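Trainee: Before I ask anything, let me first share the structure, which is written out below as structure tokens.
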Amino acid sequence: MEPRPRRHLFDFAKKLVADHIDDDPFGLNEEFAPPRLTAKAISSIPIMSRSREKILNNLDEMYREAFERAKATGDASQMAALDFAYRREQLYFEILLDVRDAMERR
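Residue 1324 is where the sequence shown starts when you use this note's numbering, and the numbers rise one by one after that.
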């Protein structure tokens, strides 16, 4: 019987492909474990947070622009609402930034 190089090549290719096919390509048989937010996971995240000054300056700039628009239209109630909202948001941000700073020091 003569050698059949095309058949050998085809068999080799078939074996190569069959050996590299994953039996569970979508991972359906793997046990699901949800990610855990642990202290180790948090500490492995690089610190890329903005500075306190930058955050508060952005808040100030945003409210200042809105306040100037309300002032230009003479809307006293809008100016009062913006003033209150600014002070409230500033307090919220300062609390959150204090928590963030405490977590980063850990």
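Glycine is no exception: its CB is placed at the ideal position from the N, C-alpha and C atoms.
All values reported here derive from a predicted model rather than from experimental measurement.
1) Return the Cβ separation of A1393 and M1402 in integer angstroms, given the expectation that the two are a contact with Cβ distance under 8 Å.
2) Quick one, which of R1423, A1425, L1419, E1384 has its alpha-carbon nearest D1406's?
3) Looking at F1349: is its Cβ nearer than 8 Å to the Cβ of I1378?
4) Among the residues of its own chain, which have a CB less than 7 Å from the CB of L1339, if the five just before and after it don't count?
5) Please state whether the Cβ-Cβ distance between R1387 and L1420 is less than 8 Å.
6) Compare the beta carbon distance of R1423 and S1367 with 8 Å and say whether it is the shorter of the two.
7) In the DSSP assignment, find the unbroken alpha helix (DSSP H) run with F1407 in it and report its ends.
8) Could you check the C-alpha separation between A1364 and S1400 for me, to the nearest Å?
9) Considering E1388, what are the terminal residues of the alpha helix (DSSP H) in which it resides?
Mentor: The answer reads as follows:
1) Numbered from 1 along the sequence shown, position 70 holds the residue referred to as residue 1393. Numbered from 1 along the sequence shown, position 79 holds the residue referred to as residue 1402. Correct: roughly 5 Å between the Cβ atoms.
2) For the purposes of this step, residue 1406 is taken as residue 83 along the sequence shown, with counting starting at 1. The shortest C-alpha separation from D1406 is found at E1384.
3) Here residue 1349 is taken as the residue at index 26 of the sequence shown, counted from 1. Here residue 1378 is taken as the residue at index 55 of the sequence shown, counted from 1. No.
4) Along the sequence shown, read from residue 1 onward, the residue named residue 1339 stands at position 16. Closer than 7 Å at Cβ, skipping near neighbours: no residue.
5) Here residue 1387 corresponds to residue number 64 of the sequence shown, with the count starting at 1. Here residue 1420 corresponds to residue number 97 of the sequence shown, with the count starting at 1. No, the pair does not count as a contact, with Cβ atoms beyond the cut-off.
6) As a position in the sequence shown, residue 1423 is number 100, starting the count at 1. As a position in the sequence shown, residue 1367 is number 44, starting the count at 1. For R1423 and S1367, no; Cβs fall outside 8 Å.
7) Looking up residue 1407 in the sequence shown gives position 84. Note, F1407: alpha helix (DSSP H), 1399 to 1428.
8) Position 41 of the sequence shown, counting from 1, holds the residue named residue 1364. Position 77 of the sequence shown, counting from 1, holds the residue named residue 1400. Going by the C-alpha atoms only, they are around 47 Å apart.
9) Against the sequence shown, residue 1388 aligns to sequence position 65. It spans 1375 to 1396 - the alpha helix (DSSP H) in which E1388 sits, taken as one unbroken run.
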